[in-house]
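With our numbering applied, the sequence shown covers 1 to 158.
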Amino acid sequence: MIVLGLDTATRSCGYGVLNVNLDASGHRYRYRECGVLTSDFADPVSRYCEIVTEVENLVREHRPARAVLELHSFGVGRNAIGLHELGGALAVSLRRICGDVIRLRPGTWRKATFGRGRATKAEAIAWVRAQLGVELRDNQDDEAEALCLAVAGARWTP
């Protein structure tokens with residue numbers, strides 16, 4: 001099964017794609033790709049459209065069986081609204097073209113991946129390096145968290 005993890009922000013979206021196989025000893029993960037999609041549009045709707053289009057292109061390229069989005073549940077103001085707007089737009093688009101879409105709160109996906117809900121971004125980078133063998137730079141926390149979201153989504157059973 002191919003799983004796409006998405007770590008959204010207001011001007012960018014980290015993504016991680018994994019092949020996941022389940023065998024007698026548990027889940028086996030094979031790294032495919034990760035990166036960050038960005039948009040320089042000042043207008044939020046144009047920004048969201050650009051990011052959603054890029055995510056749709058990733059789905060067409062990798063054909064994931066499941067997509068996993070971080071469900072933000074904090075804050076007020078423009079950034080919080082923007083996170084919810086982009087997350088909602090992505091969820092609708094992914095449901096149409098991918099089918100299986102899961103939205104997980106930060107504490108939930110961290111607990112599913114690390115065994116505890118308060119892991120840091122630095123711990124996510126270290127975990128990706130150790131468990132997936134992907135060498136990320138220290139500032140690549142969006143990619144690391146997206147790959148961890150993909151792992152949590154592979155392990156998730158509703």
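All C-beta atoms in this analysis are idealised placements derived from N, C-alpha and C, irrespective of residue type, glycine included. Bear in mind the structure is a predicted one, so any value in this text is a computation, not a measurement.
1. My output table needs one value for residue 13: the three-state DSSP class, helix, strand or coil.
2. Measure the alpha-carbon distance for residue 100 versus residue 9 and round it to whole angstroms.
3. Does the stretch 89-106 come into contact with the stretch 62-70, if we say contact requires no fewer than three beta-carbon pairs (one atom in each stretch) closer than 8 angstroms?
4. Along the chain, where does the alpha helix (DSSP H) that runs through residue 147 open and close?
5. What would DSSP say about residue 45, mapped onto helix, strand or coil?
6. Would you say the stretch 25-33 touches the stretch 41-52, given that touching needs at least three Cβ pairs under 8 angstroms?
7. When DSSP labels each residue in this structure, what does residue 120 get in the three-state scheme?
This is what the structure gives:
1. Under the three-state reduction of DSSP, residue 13 is assigned to strand.
2. The straight-line gap from Cα to Cα measures roughly 22 angstroms.
3. Verdict: yes, contact present.
4. First-last of the alpha helix (DSSP H) with residue 147: 141-155.
5. Three-state DSSP puts residue 45 in a helix.
6. In this structure the stretch 25-33 does not lie against the stretch 41-52, because fewer than three pairs of beta carbons, one per stretch, are closer than 8 angstroms.
7. The three-state secondary structure of residue 120, taken from DSSP, is coil.
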